[in-house]
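Colleague: I have a structure here, written as structure tokens, and I will follow up with some questions on it.
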Amino acid sequence: MSPVDLVVILVISNAVQNAMTGGDNSLIGGVIAATTLVAVNTGFSRVGHRVPYLKHLFESEPTVLVEGGKLIKRNLERENVEEDELLMAAREHGIEELAGVDAAYLERDGSISIIPKDAPGKGISRRH
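When you line the sequence shown up against my numbering, it's residues 4 to 131, in that order.
If you want it as structure tokens, here you go:
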């Protein structure tokens, strides 16, 4: 789920709540508001997939936190990631120290991906 999807869900819940408790107490008003918001979100999503330039407006790229075994402190500060959080993600991958991390990325969904120094296939570029 992207941040935009979360915002749409929150706005839908607010719109339906207003239809239920606000001046427009009709169920139809809530359904129309929710349907409109879902349609707009779906439209933006489809346009974003077809027009790569627009996709970058709504979705960010993964941020490199560790490269070549070295912390990129500027990116940690910009993304508000603590070194302890990075260490926790490394431990989840069986790595006790950052010295064992070749690369780490803050993904679009907020998770941290770790590539160990002894990872098989290291240096091979693969597209997923």
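We put the CB at the ideal spot given by N, CA and C, even for glycine.
(1) Looking at C-alpha atoms only, which residue of R111, L89, A42, E110 is the closest neighbour of L101?
(2) Using the beta-carbon count (16 or more within 10 Å), is A42 buried or exposed?
(3) Based on Cα-Cα distance, which residue from L30, A36, N78 lies nearest to V67?
(4) Can you tell me whether DSSP reads V11 as helix, strand or coil?
(5) I127 to V7, Cα distance in whole Å?
(6) Helix or strand or just coil, what does DSSP make of S116?
(7) If you follow the beta strand (DSSP E) that A106 is in, where does it begin and where does it stop?
(8) To the nearest angstrom, how far is the alpha carbon of A37 from that of N44?
(9) With a CB to CB cut of under 6 Å and the five nearest residues on each side skipped, what residues in its chain are close to K120?
(10) Determine the extent of the beta strand (DSSP E) in which L68 is found, giving its start and end residues.
(11) Here's the rule: buried if 16 or more other CB atoms are within 10 angstroms of the residue's CB, otherwise exposed. What is V54?
Modeller: Short version:
(1) L89
(2) exposed
(3) N78
(4) helix
(5) Because I127 sits at a pLDDT of 41, beneath the cut-off of 50, its placement in the model cannot be relied upon, and the following sentence gives the value as read from the coordinates. Computed Cα separation, rounded: 33 Å.
(6) strand
(7) Where A106 is concerned, the enclosing beta strand (DSSP E) stretches over 104-109.
(8) 11 Å
(9) G103, D105
(10) According to the DSSP assignment, L68 belongs to the beta strand (DSSP E) that extends over 66-70.
(11) Under a 10 Å Cβ-count criterion, V54 is classified as exposed, with fewer than 16 other Cβ atoms of the shown protein chains found around its own Cβ.
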